[in-house]
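In the numbering used here, the protein residues as written are 2 to 477. All residues carry an ideal CB built from backbone N, CA and C; glycine is no exception. Here's the structure, in structure tokens; my notes come after.
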């Protein structure tokens, strides 16, 4: 299913002196002052609610189509490999758009960028609904991905507008909203299947050179529903968002008038004064590989999970979405509990524990297709371990470790590369999974994932002292 990309490129926050002073005054407000302005105990305001709507539709574009995408590709004559390309197309669009949208928000402000992104997702959703071939379906996935590369922009908005004492909580809430988008919204896709009916004939759409025609069925219905959700999010952005004034990017070699904002920003003057040591570079590279391993694994589940449930277990499309959404909701609960878990366990323990649960999940799928209740139970337990426990805890802990390894250095560029690495994994792994499944079987894919995750655990354990040392340095 979809993961999302929790992390993304944070645009540099270059503000005019007057705007910076205004924001500093607002961010230093007490909790009571924030509540009096309508923010409540969590610092929520109307603009932040609009931002959460944008985050939700960004991954709802993946989740709503999940129950029927694999069958949609199959009915159009596509193979497992083509299915992998279609899943990867969404992440490919995100890789392209994330840095572009981040930079555009600096120049043109948040409102214009997010308005365009909502419109782009709506366009992709309509193309998805009108698709009459697998190439057009791939194009639709890419277009929706282009519009969904806004997590860096939304995180920057939170950093600009949330009170300092609530900033971390608000960013964590964005993560939970994103996870809801790609793991819980599939239940809406299942509901559509139930309401429309599970007709297994491909839609007879015609577009461009043929007569314009659109057929309403379980495969095309998510398109207009998604477009409608985008329209609501766009309306919220236009009417509720308290936009920052357009900001002009700094000229090259121009010194910064002030240090970058907490947790964001690009390079500062001191970035060149503190070159990275070989040990730090190795630790950062290790975090990148952890990111690739966790995101790549969940991407393979997105590629093969639904088709596996249909072929091996005989689940209907309506049941598939509800099935995955239920475990996704438990994953959101796991994300909410991260604050408590961090008090009990350190980052290395959380990563090893989370990845170990992911490993157990993939190992169960090695024999999940066995006939009888044993195979059914193995599949159910596997999805629970992956979506409700392993990935939410493991990947979120990787994000936290990476931030601590980078420390007080400006993180803009590194966070952008980190986001791109995760998106590239979500492109490469589905394609490889589709090809391997086509040439061999799904079981071979899960066997390869077992090797990848086992290697990941061994590497983290071997270098645990190095990681913990960086964590202690940040804490001190």
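Between the options, which lies nearest to residue i when the distance is taken from Cα to Cα?
{"i": "residue 398", "options": "176, 133, 448", "result": "176"}
{"i": "residue 443", "options": "114, 98, 364, 49", "result": "364"}
{"i": "residue 91", "options": "49, 140, 48, 46", "result": "140"}
{"i": "residue 305", "options": "53, 77, 88", "result": "88"}
{"i": "residue 157", "options": "460, 393, 106", "result": "106"}
{"i": "residue 301", "options": "78, 48, 72, 446", "result": "446"}
{"i": "residue 46", "options": "179, 244, 85, 384", "result": "244"}
{"i": "residue 295", "options": "179, 147, 192, 450", "result": "450"}
{"i": "residue 382", "options": "333, 340, 361", "result": "361"}
{"i": "residue 453", "options": "357, 418, 193, 72", "result": "357"}
{"i": "residue 1", "options": "64, 439, 355", "result": "With the chain covering only 2 through 477, there is no way to say anything about residue 1."}
{"i": "residue 423", "options": "194, 293, 354, 334", "result": "293"}
{"i": "residue 182", "options": "330, 350, 226", "result": "330"}
{"i": "residue 72", "options": "146, 307, 159, 380", "result": "307"}
Just how far apart, CA to CA, sit residue i and residue j?
{"i": "residue 348", "j": "residue 111", "result": "33 Å"}
{"i": "residue 74", "j": "residue 474", "result": "50 Å"}
{"i": "residue 420", "j": "residue 143", "result": "17 Å"}
{"i": "residue 342", "j": "residue 386", "result": "17 Å"}
{"i": "residue 391", "j": "residue 174", "result": "19 Å"}
{"i": "residue 297", "j": "residue 80", "result": "20 Å"}
{"i": "residue 448", "j": "residue 402", "result": "27 Å"}
{"i": "residue 389", "j": "residue 278", "result": "37 Å"}
{"i": "residue 86", "j": "residue 466", "result": "39 Å"}
{"i": "residue 339", "j": "residue 400", "result": "12 Å"}
{"i": "residue 336", "j": "residue 291", "result": "18 Å"}
{"i": "residue 458", "j": "residue 431", "result": "22 Å"}
{"i": "residue 472", "j": "residue 407", "result": "10 Å"}
{"i": "residue 44", "j": "residue 332", "result": "Here residue 44 scores only 46 on pLDDT, less than 50, and its place in the model should not be relied on; the value that follows carries that caveat. Using only the alpha carbons, I get a separation of about 24 Å."}
{"i": "residue 315", "j": "residue 468", "result": "45 Å"}
{"i": "residue 384", "j": "residue 328", "result": "7 Å"}
{"i": "residue 462", "j": "residue 283", "result": "15 Å"}
{"i": "residue 62", "j": "residue 405", "result": "32 Å"}
{"i": "residue 345", "j": "residue 162", "result": "31 Å"}
{"i": "residue 435", "j": "residue 78", "result": "14 Å"}
{"i": "residue 377", "j": "residue 366", "result": "10 Å"}
{"i": "residue 320", "j": "residue 125", "result": "26 Å"}
{"i": "residue 129", "j": "residue 122", "result": "10 Å"}
{"i": "residue 334", "j": "residue 114", "result": "31 Å"}
{"i": "residue 193", "j": "residue 393", "result": "27 Å"}
{"i": "residue 159", "j": "residue 379", "result": "41 Å"}
{"i": "residue 226", "j": "residue 145", "result": "14 Å"}
{"i": "residue 354", "j": "residue 148", "result": "34 Å"}
Determine the burial state of residue i: buried for a count of at least 16 other Cβ atoms within 10 Å of its Cβ, exposed for fewer.
{"i": "residue 108", "result": "exposed"}
{"i": "residue 273", "result": "Confidence in residue 273 is poor, its pLDDT being 44 and thus under 50, which makes the residue's placement unreliable; the coordinate value appears in the next sentence. Label assigned to residue 273: exposed."}
{"i": "residue 184", "result": "buried"}
{"i": "residue 299", "result": "buried"}
{"i": "residue 83", "result": "buried"}
{"i": "residue 276", "result": "exposed"}
{"i": "residue 256", "result": "Confidence at residue 256 is low in this model, with a pLDDT of 44, below 50, so its placement is unreliable and the value that follows should be read with caution. Exposed, by the Cβ-count rule."}
{"i": "residue 441", "result": "exposed"}
{"i": "residue 252", "result": "Residue confidence for residue 252 is low, a pLDDT of 49 falling below 50, so the modelled location carries little weight; the figure read from the coordinates is stated next. So residue 252 ends up on the exposed side."}
{"i": "residue 37", "result": "Summary for residue 37: the model assigns pLDDT 41, below 50, so the residue's position carries little reliability; its value from the coordinates is reported in the next sentence. With fewer than 16 other Cβ atoms within 10 Å, it is exposed."}
{"i": "residue 131", "result": "buried"}
{"i": "residue 438", "result": "buried"}
{"i": "residue 418", "result": "exposed"}
Report all residues from its chain with a CB closer than 6 Å to the CB of residue i; omit the five preceding and five following residues, and keep chain order.
{"i": "residue 127", "result": "224, 228"}
{"i": "residue 281", "result": "none"}
{"i": "residue 460", "result": "none"}
{"i": "residue 309", "result": "443"}
{"i": "residue 230", "result": "58"}
{"i": "residue 119", "result": "231, 234, 235"}
Return the chain-ordered list of same chain residues with a C-beta closer than 8 Å to the C-beta of residue i, the five sequence neighbours on each side being excluded.
{"i": "residue 101", "result": "150"}
{"i": "residue 239", "result": "112, 116"}
{"i": "residue 241", "result": "47, 48, 50, 51"}
{"i": "residue 455", "result": "360"}
{"i": "residue 197", "result": "217, 218, 219, 222"}
{"i": "residue 470", "result": "none"}
{"i": "residue 352", "result": "291, 395, 398, 399, 402, 461"}
Tell me which residues share the same chain as residue i and place their Cβ nearer than 7 Å to its Cβ, disregarding the 5 neighbours each side in the sequence.
{"i": "residue 464", "result": "287"}
{"i": "residue 433", "result": "none"}
{"i": "residue 178", "result": "53, 56, 57"}
Any heavy atom of the ligand SAM within a distance shorter than 6 Å of the CB on residue i?
{"i": "residue 299", "result": "Ligands are entirely absent from the displayed structure, and the ligand SAM is therefore not among its contents."}
Problem - Any 3 or more C-beta pairs closer than 8 Å across the region 51-58 and the region 217-237 - result: yes
Exercise for the section: Specify whether the region 180-188 and the region 135-143 touch according to this definition: at least 3 beta carbon pairs, one from each stretch, less than 8 Å apart. Expected result: no
Exercise for the section: Answer yes if the region 62-72 comes into contact with the region 318-335, meaning at least three C-beta pairs across the two stretches below 8 Å, and no otherwise. Expected result: Pairwise C-beta distances place the region 318-335 in contact with the region 62-72, as three or more of them are shorter than 8 Å.
Exercise for the section: Tell me, please, whether the region 91-100 touches the region 425-434 by the rule of three or more beta-carbon pairs shorter than 8 Å. Expected result: In the pairwise beta carbon analysis, the region 91-100 is classified as touching the region 425-434: at least three pairs are separated by under 8 Å.
Problem - the region 280-297 in contact with the region 143-161 per 3-pair CB rule at 8 Å - result: no
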